[in-house]
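Trainee: Shown below is the structure under consideration.
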Amino acid sequence: AANAPRRAAEANNLGLPSLSADGVNAIDRAAQMPTAFREASKGSRILERTFPQWSPRPFFRHEILHRSRREGSRARVGRLITPHGAVDTPGFVPVGTNGAVKFVDHHLADEAGMQLMFANTLHLSVHPGADVVGAAGGLHRFMGRARGPIITDSGGFQIFSFANRGKRAMPGTAEAADGDGSAADVPWEVKSRRNAASRQKYSTAHGGTDVQVTEEGARFRSYRDGSPLFLTPETSVAAQKAIGADIIIPLDDLPAAGTHTHNLAESVERTHRWAARSLWTHLEDPREQAMYGVIHGGTDLQLRLHSAETLKAMPFDGYCIGGSLGRDRAEMFQLLRHVTPMLPIGKPNHLLGIGDEESIRVGVTLGIDTFDSCWPTRMGRHGTLLTHQGPIKISRSQYKNDFTLADEQSDGFVARNYTRAYLHHLVKAHEPSVHGLLTLQNIKYMMDLMASIRDQIFRNEI
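According to full-length UniProt numbering, the residues represented by the sequence shown are 1 to 462, in order.
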């Protein structure tokens, strides 16, 4: 109780609304709940008895339209129905961190085929503030995207990226890709954490982020102005309620790749306790939002299976697979082969931070429904165009006199209207518009890729 004013000040720096719909202060709830959960969450069986049984939501459902009959395949075609529109699955989810896909107006991205967009709770809470977004009527109204579903994360990944700065990025995550379009980036999107300028920004701005993780939550400093911030499972949910996404994700504990097994196990259990706290907070005030639980365990198969078993006993509407997934694709695929069969068939699942083409193609056969990554948009910003002939680095001299269209097999706006020579010229002339053009075409390419994959599943070819 003595620390309540401090907690309130830190959480309010995130722009959280003062009151929830039932009039209970979100900060007070955050302070009150952890002790009870610490006592009650030593075993998943206690939590199983506590939660009500899951039942279908009238505002959110997952329709499975076809299951591949190809031997050994778990691929399926489906459709997510949300309050703001439908999402075809398997689907790719472009990342719009601050409520915007970088360099591309979301109306243009929608025209290119974007359905579900991924936004970031922490960044939106730091600026303009979850309360500002909520006052606008939620993120859909704030950004003028009335008919387009949105998913938000909890902010946990960004916080733990601060805590693990200077360490190797978690394999399998979009955060790791620098995206400069080099050949090394294309086969496997995971290399090293951010570029040097970005590392400097997130590591040393305003004296560092000073992350402190306890059972109650994560205390850190704003990368924007150095103000103290405090995020708990409850306040993360409160922020996501104000933001108003169709799908929300609970706060999770995300250790660095290579964490010792004992510490990793402790982290997984904390994630489960935080998941329970988040789900309780969500169920008190659903607001026509679905919540996905996040399966963790790093590269430890037994911890992954334990996490899947624990979380599927809770009434989540779907499941994410997150955290470190291995040193390479082979290790990631091996984990997924064991984890995805454990997930409820009737609920959707999402692979967090993975979006390169090869990982998508294999992930679909393992039963993954949706994928998100900033990889294709970051590739565009760094001068790489995704085409049906393969990725091309448009700044290379061979395209100076290449007057063929950007991608003759695409019917996208950029592919129909611009030649490779012109795009090459824009890059060399340092014209800012080229970042948007390349990004838009890469989004279109990813949407076409997913449509092709769905067709192949219908034909039982995948």
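Where is the CB? At the ideal position from N, CA and C, for every residue including glycine. This one's a predicted model, so the numbers in the text were calculated from it and none came from an experiment.
Using only the alpha-carbon positions, how far apart do residue 465 and P52 sit?
Mentor: No statement about residue 465 is possible, as the shown extent of the chain runs from 1 to 462 and does not include it.
Trainee: Just the C-alpha distance for R69 and W280, rounded to the nearest angstrom, thanks.
Mentor: Here residue 69 is taken as the residue at index 69 of the sequence shown, counted from 1. Here residue 280 is taken as the residue at index 280 of the sequence shown, counted from 1. For R69 and W280, the distance between alpha carbons rounds to 39 Å.
Trainee: Taking only runs of the beta strand (DSSP E) that begin and end inside the region 328-382, which ones reach a length of at least 3 residues, in chain order?
Mentor: 349-351 and 370-373
Trainee: Please look up how many angstroms separate the CB atoms of V339 and R378, rounded, as I've assumed it's under 8 Å.
Mentor: As a first step, residue 339 is located in the sequence shown; it is residue number 339 there, counting from the start. As a first step, residue 378 is located in the sequence shown; it is residue number 378 there, counting from the start. Actually they do not touch by this definition, with Cβ atoms about 27 Å apart.
Trainee: Leaving out five residues on either side along the sequence, give the residues of the same chain with a beta carbon under 6 Å from the beta carbon of I64.
Mentor: Within the sequence shown, numbered from 1, the residue matching residue 64 stands at position 64. Answer for I64: R76 and G78, listed in chain order.
Trainee: Buried or exposed for D369, going by 16 or more other Cβ atoms inside 10 Å?
Mentor: As a working mapping, residue 369 is identified with position 369 in the sequence shown. Answer is buried; the Cβ neighbour count reaches 16.
Trainee: Whose CA, out of F92, V87, S125 and V101, lies closest to the CA of G148?
Mentor: Here residue 148 refers to the residue found at position 148 when the sequence shown is read from its first residue. Taking only the C-alpha atoms, the option nearest G148 is V87.
Trainee: Take every Cβ of the region 273-288, pair it with every Cβ of the region 320-327, and state whether three or more of those distances are shorter than 8 Å.
Mentor: No: the two stretches stay apart, fewer than three of their Cβ pairs being nearer than 8 Å.
Trainee: Between the region 87-101 and the region 435-453, are three or more C-beta pairs nearer than 8 Å?
Mentor: yes
Trainee: For H66, which residues from the same chain have a beta carbon less than 6 Å from its beta carbon, with the 5 sequence-adjacent residues on both sides left out?
Mentor: Here residue 66 refers to the residue found at position 66 when the sequence shown is read from its first residue. Excluding sequence neighbours, H66 sits near V77 and F458.
Trainee: Where does D88 fall in DSSP's three states?
Mentor: Within the sequence shown, numbered from 1, the residue matching residue 88 stands at position 88. Note: D88 maps to strand in three-state DSSP.
Trainee: Who are the near neighbours of L426 in its chain, counting only those whose CB is closer than 8 Å to its CB and skipping five residues on each side?
Mentor: Looking up residue 426 in the sequence shown gives position 426. Cβ neighbours of L426 beyond the five flanking positions: S433, V434 and L437.
Trainee: Measure the alpha-carbon distance for G258 versus V294 and round it to whole angstroms.
Mentor: Counting from 1 along the sequence shown, the entry for residue 258 is found at position 258. Counting from 1 along the sequence shown, the entry for residue 294 is found at position 294. Rounded to the nearest angstrom, the two C-alpha atoms are 19 Å apart.
Trainee: For R420, count neighbouring Cβ atoms within 10 angstroms of its own Cβ and tell me buried if that reaches 16, exposed if not.
Mentor: What you label residue 420 is simply residue 420 of the sequence shown in a count that begins at 1. Within a 10 Å sphere around the beta-carbon of R420 sit 16 or more other beta-carbons, which makes this residue buried.
Trainee: Just reading off the alpha helix (DSSP H) that E309 is part of, what are its end residues?
Mentor: Mapped onto the sequence shown, residue 309 falls at position 309. L301 to K312 is the extent of the alpha helix (DSSP H) around E309.
Trainee: Could you tell me which of L440, R381 and G363 sits nearest to L351, measuring between CA atoms?
Mentor: Within the sequence shown, numbered from 1, the residue matching residue 351 stands at position 351. Ranking the options by Cα distance to L351, first place goes to G363.
Trainee: Take H123 and list the residues in its own chain whose beta-carbon comes closer than 6 Å to its own, dropping the five residues that flank it on each side.
Mentor: Locating residue 123 in the sequence shown gives position 123, counting from the first residue. Within the same chain, H123 has close Cβ partners T97 and N98.
Trainee: Assign G137 to buried or exposed, taking buried as 16 or more other Cβ atoms, counted over all protein chains shown, within 10 Å of its Cβ.
Mentor: The residue labelled residue 137 in the question sits at position 137 within the sequence shown. G137 is exposed by the Cβ-count criterion.
Trainee: Rounding to the nearest angstrom, what Cα-Cα distance links H262 and L336 in this structure?
Mentor: Residue mapping note: residue 262 aligns to position 262 of the sequence shown, counting from 1. Residue mapping note: residue 336 aligns to position 336 of the sequence shown, counting from 1. Straight-line Cα distance between these residues: approximately 22 Å.
Trainee: Tell me which residues share the same chain as Q409 and place their Cβ nearer than 6 Å to its Cβ, disregarding the 5 neighbours each side in the sequence.
Mentor: Residue numbering aside, residue 409 sits at position 409 when the sequence shown is read from its first letter. Around Q409: H388.
Trainee: Take P315 and list the residues in its own chain whose beta-carbon comes closer than 6 Å to its own, dropping the five residues that flank it on each side.
Mentor: Taking the sequence shown and counting its residues from 1, one reaches residue 315 at position 315. Cβ neighbours of P315 beyond the five flanking positions: F51 and W54.
Trainee: Starting from E269, trace the alpha helix (DSSP H) in both directions and tell me its first and last residue.
Mentor: As a first step, residue 269 is located in the sequence shown; it is residue number 269 there, counting from the start. Per DSSP, E269 belongs to the alpha helix (DSSP H) from T261 to E284.
Trainee: Give me whichever residues DSSP pairs with R61 in a beta bridge.
Mentor: Taking the first residue of the sequence shown as 1, we reach residue 61 at position 61. I81, per the DSSP bridge assignment.
Trainee: Considering only the beta carbon of each residue, do T232 and G244 sit closer than 9 Å?
Mentor: The residue you call residue 232 lines up with position 232 of the sequence shown. The residue you call residue 244 lines up with position 244 of the sequence shown. Their beta carbons are not under 9 Å apart, which means T232 does not touch G244 by this criterion.
Trainee: Whose C-beta lies closer than 7 Å to the C-beta of P344 among residues of the same chain, with five residues either side of it excluded?
Mentor: Sequence index remark: in the sequence shown, residue 344 carries index 344 (1-based). If we look at P344 and ignore the five residues flanking it on each side, its Cβ neighbours are K312.
Trainee: Report, in whole angstroms, the separation of the C-beta atoms of L139 and A109, which I expect to be a contact under 8 Å.
Mentor: In the sequence shown, counting from the first residue as 1, residue 139 sits at position 139. In the sequence shown, counting from the first residue as 1, residue 109 sits at position 109. Between A109 and L139 the Cβ distance is about 15 Å, and since that is not below 8 Å, they are no contact.
Trainee: Quickly, what does DSSP pair H66 with across the bridge? List them, please.
Mentor: Here residue 66 corresponds to residue number 66 of the sequence shown, with the count starting at 1. DSSP output for H66 lists V77 as bridge partner(s).
Trainee: Just curious, the alpha helix (DSSP H) that Y422 is in, first and last residue?
Mentor: Along the sequence shown, one-based indexing puts residue 422 at 422. Segment R420 to K428, the alpha helix (DSSP H) holding Y422.
Trainee: For R381, count neighbouring C-beta atoms within 10 Å of its own C-beta (all shown protein chains included) and say buried if the count is 16 or more, exposed if not.
Mentor: Counting from one through the sequence shown, the residue named residue 381 turns up at place 381. Flag for R381 reads buried.
Trainee: Whole angstroms are fine: how far does the CA of I394 sit from the CA of E309?
Mentor: Within the sequence shown, numbered from 1, the residue matching residue 309 stands at position 309. Within the sequence shown, numbered from 1, the residue matching residue 394 stands at position 394. Cα to Cα, E309 sits roughly 46 Å from I394.
Trainee: Is it true that the CB of D317 sits closer than 9 Å to the CB of F160?
Mentor: Counting from one through the sequence shown, the residue named residue 160 turns up at place 160. Counting from one through the sequence shown, the residue named residue 317 turns up at place 317. Not in contact: F160 and D317 (Cβ atoms no closer than 9 Å).
Trainee: What's the C-alpha gap between F142 and Q240?
Mentor: The sequence position of residue 142 within the sequence shown is 142, counting from 1. The sequence position of residue 240 within the sequence shown is 240, counting from 1. Approximately 14 Å between the Cα atoms of the pair.
Trainee: Count the other CB atoms, across all protein chains shown, that sit within 10 Å of the CB of H62; report buried if there are 16 or more and exposed otherwise.
Mentor: The residue you call residue 62 lines up with position 62 of the sequence shown. Per the 10 Å Cβ criterion, buried.
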